[in-house]
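Have a look at the structure below, then the notes.
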Ligand SMILES: [Ca+2]
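Numbering (my numbering), first residue to last: 184 to 471.
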């Protein structure tokens, strides 16, 4: 019995992990009752490069040869992707884990020029929201660089990630912005490595007098190191169209208001995993 139990645990990985994709399918077809990939723009699963090395598959975001090219991968917390949220699971808390790779430009075989996101503007890094997206506040973070955003000095070629918590769509305003940022996400010492990105997003709850408790959270870790945590988000009651109690989907990377410096920049992503109960352990594999 003990041996069977150990085998079961090994095969099952972690019970709290609801979805995992190493992209060995060669596309975005993997899905289950809890998760599915959605709309894609200038993004593909490629072979011959992955977190495992110059083999296997991973996701390649193509930021193109023109300024501001959109490169985006959407997802849904549900069995089929949709834009209405009708089939989504409305999880009030979500944990995501994935690995990203910014090329140095010197890889062999070549995987793209040196990834440099050098402008002080809003370049999408991550978003998580209820559907339809146009109706509810978005959680997320964007690349920023320059005065007024980051803490400490920022050398040429670096980029930081700052939280945009509870951003209401369509208004152009950000209701709450954190004051601490991830530095060192993208610089000469960190290119050429697979870096672990983790997110925790929690909707705020409704208080007993019908008011938003203002306790929504967005937290980011990079290689297990806490980067920022915004813990006072209003996202339950104070929406344009009424209460929202969970997350339905989101997207990885996305619109780039400022160009990546080098034409033809690629960014890579692999070993994506999702849980709605706790942080996803490193051991999660393709058995899920
Ligand atoms: Ca892979």
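Here a beta-carbon is modelled for each residue, glycine too, at the ideal position from N, C-alpha and C.
Contact check, residue i vs residue j, beta carbons under 8 angstroms
i           : j           : result
residue 244 : residue 452 : yes
residue 408 : residue 281 : no
residue 279 : residue 437 : no
residue 374 : residue 448 : no
residue 242 : residue 445 : no
residue 233 : residue 209 : no
residue 308 : residue 325 : yes
residue 428 : residue 461 : no
residue 439 : residue 293 : no
residue 432 : residue 259 : yes
residue 214 : residue 262 : yes
residue 402 : residue 396 : no
residue 255 : residue 277 : no
Of the listed residues the options, nearest to residue i (C-alpha basis)
i           : options            : result
residue 228 : 235, 417, 218, 212 : 212
residue 273 : 454, 309, 458, 466 : 458
residue 217 : 402, 200, 454, 291 : 200
residue 235 : 261, 222, 207, 287 : 207
residue 314 : 257, 326, 299      : 257
residue 390 : 384, 398, 383      : 398
residue 267 : 382, 406, 312      : 312
residue 405 : 316, 237, 369      : 369
residue 411 : 238, 323, 264, 222 : 323
residue 224 : 466, 463, 434, 372 : 434
residue 372 : 297, 464, 269      : 297
residue 400 : 321, 465, 464, 463 : 321
residue 295 : 237, 238, 450, 465 : 450
residue 238 : 382, 269, 205      : 205
residue 147 : 413, 240, 382      : In the structure displayed, the chain extends from 184 to 471; residue 147 sits before or after that span and is not available.
residue 443 : 269, 264, 306      : 306
Check: residue i C-beta below 7 angstroms from any heavy atom of ligand 1
i           : result
residue 312 : no
residue 376 : no
residue 243 : no
residue 439 : no
Cβ separation of residue i and residue j, assumed to be a contact under 8 angstroms, to the nearest whole Å
i           : j           : result
residue 284 : residue 220 : Wrong, their Cβ atoms sit about 19 angstroms apart, outside the cutoff.
residue 384 : residue 430 : 6 angstroms
Under 7 angstroms, CB to any heavy atom of ligand 1. Which residues pass, going along the chain? 205, 206, 207, 233, 234, 235, 239, 240, 241, 453, 454
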